[in-house]
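Asker: Numbering (the numbering used here), first residue to last: 75 to 332.
#1: Using the DSSP secondary-structure output, state which residues sit across from residue 305 in a beta bridge.
#2: Kindly give me the distance between the Cβ atoms of residue 310 and residue 133, rounded to whole angstroms, as I take these residues to be in contact under 8 Å.
#3: Evaluate residue 228 with the Cβ neighbour count: other Cβ atoms within 10 Å of its Cβ, from every protein chain shown; 16 or more gives buried, anything less gives exposed.
#4: Measure the alpha-carbon distance for residue 178 versus residue 225 and round it to whole angstroms.
#5: Mapping DSSP to helix, strand and coil, what is residue 138?
#6: Taking DSSP's pairing of strands, which residues face residue 172 in a bridge?
#7: Rounding to the nearest angstrom, what Cα-Cα distance links residue 192 and residue 172 in this structure?
#8: Residues in its own chain within less than 8 Å of residue 216 by CB, not counting five upstream and five downstream?
#9: Just to confirm, are residue 115 and residue 130 a CB contact at a threshold of 9 Å?
#10: According to DSSP, is residue 269 part of a helix, a strand, or is it coil?
#11: How many Å lie between residue 145 and residue 298 at the Cα?
#12: Quick one: using the 10 Å Cβ neighbour count with 16 as the cut-off for buried, is residue 218 buried or exposed?
#13: Looking only at its chain, what residues have a beta carbon closer than 6 Å to the beta carbon of residue 181, apart from the 5 residues adjacent to it on each side?
#14: Alpha carbons only, please: which of 234, 262, 312 and 329 is nearest the one belonging to residue 165?
#15: Nearest CA to the CA of residue 122: which residue from 142, 331, 189 and 112?
#16: Take residue 186 as the anchor and find which of 196, 231, 332 and 273 has the nearest alpha-carbon.
#17: For residue 157, count neighbouring C-beta atoms within 10 Å of its own C-beta (all shown protein chains included) and say buried if the count is 16 or more, exposed if not.
#18: State buried or exposed for residue 148, treating a residue as buried only when at least 16 other CB atoms are found within 10 Å of its CB.
#19: Going by C-alpha to C-alpha distance, which of 120, 89, 252 and 198 sits closest to residue 76?
#20: Take residue 268 as the anchor and find which of 279, 280, 255 and 262 has the nearest alpha-carbon.
#21: Does the distance from the CB of residue 152 to the CB of residue 286 come in under 9 Å?
#22: Out of 274, 246 and 105, state which residue places its alpha-carbon closest to the alpha-carbon of residue 295.
#23: Could you give the residue range of the beta strand (DSSP E) that holds residue 244?
#24: Can you tell me the Cβ-Cβ gap for residue 243 and residue 293, rounded? I've got them flagged as a contact below 8 Å.
#25: Who pairs with residue 186 in a beta bridge, going by DSSP?
#26: Report the CB separation of residue 331 from residue 251 in whole angstroms; it is logged as a contact under 8 Å.
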């Protein structure tokens with residue numbers, strides 16, 4: 075398989091590790107810069123067995139190249155409105171409302187809300203906001219001339235919930251290829267590897283709905299057991315320091331080459 079990698083990915087400090095993995099595995103690849111305002115991928119190749127990796131922009135634009143396989147998995151089943159029908163209350167934020175970012179939200183006294191982008195995952199980082207924090211963020215985002223947030227950008231709003239630890243899992247062909255924690259809360263003891271009960275939960279979720287041939291699932295442990303934090307497109311999901319990038323790239327290459 076042939077990898078087309080976006081070079082100018084600034085927010086992921088571990089992005090460079092994909093090049094080391096590709097070199098070690100002797101996999102052919104090319105590098106391209108993509109601007110946030112690009113309308114298409116300005117790259118010519120006779121190869122059809124292309125997999126793209128980088129920002130949401132390259133993942134979205136690659137869908138135009140319908141002759142590339144696997145190309146990009148952007149959109150489709152990654153939308154909350156699709157996968158929530160299958161995962162239901164196994165989602166950390168199951169009961170959500172969708173709004174345009176400029177709309178006024180209803181806040182209770184001292185309430186905290188979890189707010190994230192609805193269909194453009196990387197226009198800002200989803201997190202817990204207070205009313206003041208959210209209003210300040212919206213004002214600054216809409217005033218800024220340097221981001222992709224507009225008044226019509228959609229957001230997903232839900233009740234803020236406590237998590238104990240959170241992990242990212244890389245899934246190819248229905249199998250968990252790699253996983254690692256990226257967050258521990260409330261003095262949770264450090265674990266080097268994702269616990270077996272977390273992996274079992276994820277396997278059960280894949281059994282309920284194997285969302286794509288390759289995707290990323292973030293899971294968390296809560297007071298009510300394991301939950302899915304969110305589903306991410308594998309073409310634009312960032313690596314964490316504990317990600318075994320070589321294993322992920324090897325699995326993608328073997329699976330889609332066959």
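Backbone N, C-alpha and C define an ideal beta-carbon position, used for all residues, glycine too.
Answerer: In this structure, then:
#1: For the purposes of this step, residue 305 is identified with residue 231 of the chain shown, where counting begins at 1. Bridge partners of residue 305: 291.
#2: In the chain shown, the residue the question calls residue 310 occupies position 236. In the chain shown, the residue the question calls residue 133 occupies position 59. Going by Cβ atoms, the distance from residue 310 to residue 133 rounds to 4 Å, so yes, they are a contact pair.
#3: Stepping through the chain shown from its first residue, residue 228 is reached at position 154. Residue 228 is exposed by the Cβ-count criterion.
#4: Taking the first residue of the chain shown as 1, we reach residue 178 at position 104. Taking the first residue of the chain shown as 1, we reach residue 225 at position 151. Taking the CA atoms as reference points, residue 178 sits about 12 Å from residue 225.
#5: Translated into positions along the chain shown, residue 138 becomes position 64. DSSP places residue 138 in helix when its eight states are reduced to three.
#6: Mapped onto the chain shown, residue 172 falls at position 98. In the DSSP output, where bridge partners are listed per residue, residue 172 has 230.
#7: Here residue 192 corresponds to residue number 118 of the chain shown, with the count starting at 1. Here residue 172 corresponds to residue number 98 of the chain shown, with the count starting at 1. Spanning the two alpha carbons is a distance of roughly 7 Å.
#8: Within the chain shown, numbered from 1, the residue matching residue 216 stands at position 142. Result list for residue 216: 175, 176, 223, 224 and 225, in chain order.
#9: Position 41 of the chain shown holds residue 115. Position 56 of the chain shown holds residue 130. In this structure, residue 115 keeps its C-beta atom at 9 Å or more from the C-beta atom of residue 130.
#10: Position 195 of the chain shown, counting from 1, holds the residue named residue 269. Coil.
#11: Taking the chain shown and counting its residues from 1, one reaches residue 145 at position 71. Taking the chain shown and counting its residues from 1, one reaches residue 298 at position 224. When only Cα atoms are considered, residue 145 and residue 298 end up about 38 Å apart.
#12: In the chain shown, counting from the first residue as 1, residue 218 sits at position 144. Its Cβ having fewer than 16 others within 10 Å, residue 218 is exposed.
#13: For the purposes of this step, residue 181 is taken as residue 107 along the chain shown, with counting starting at 1. Here the set comprises 205.
#14: Your numbering for residue 165 matches position 91 in the chain shown. Of the candidates 234, 262, 312 and 329, the one whose C-alpha sits nearest the C-alpha of residue 165 is 234.
#15: Along the chain shown, one-based indexing puts residue 122 at 48. Of 142, 331, 189 and 112, the residue nearest in Cα terms is 142.
#16: Position 112 of the chain shown, counted from the first residue, corresponds to residue 186. Of the candidates 196, 231, 332 and 273, the one whose C-alpha sits nearest the C-alpha of residue 186 is 231.
#17: As a position in the chain shown, residue 157 is number 83, starting the count at 1. Looking at its Cβ environment, which holds 16 or more other Cβ atoms inside 10 Å, residue 157 is buried.
#18: Position 74 of the chain shown holds residue 148. Flag for residue 148 reads buried.
#19: On the chain shown, residue 76 is found 2 positions in, with the first residue counted as 1. Answer by Cα proximity: 120.
#20: The residue given as residue 268 occupies position 194 in the chain shown. That would be 255, whose Cα lies nearest to the Cα of residue 268.
#21: Here residue 152 is taken as the residue at index 78 of the chain shown, counted from 1. Here residue 286 is taken as the residue at index 212 of the chain shown, counted from 1. Yes.
#22: Residue mapping note: residue 295 aligns to position 221 of the chain shown, counting from 1. Among 274, 246 and 105, the Cα nearest to that of residue 295 is on 274.
#23: Position 170 of the chain shown holds residue 244. Where residue 244 is concerned, the enclosing beta strand (DSSP E) stretches over 239 to 246.
#24: As a position in the chain shown, residue 243 is number 169, starting the count at 1. As a position in the chain shown, residue 293 is number 219, starting the count at 1. Right, their Cβ atoms sit about 7 Å apart.
#25: As a first step, residue 186 is located in the chain shown; it is residue number 112 there, counting from the start. Residue 186 is bridged to 204.
#26: In the chain shown, the residue the question calls residue 331 occupies position 257. In the chain shown, the residue the question calls residue 251 occupies position 177. About 15 Å separates the two Cβ atoms, so there is no contact after all.
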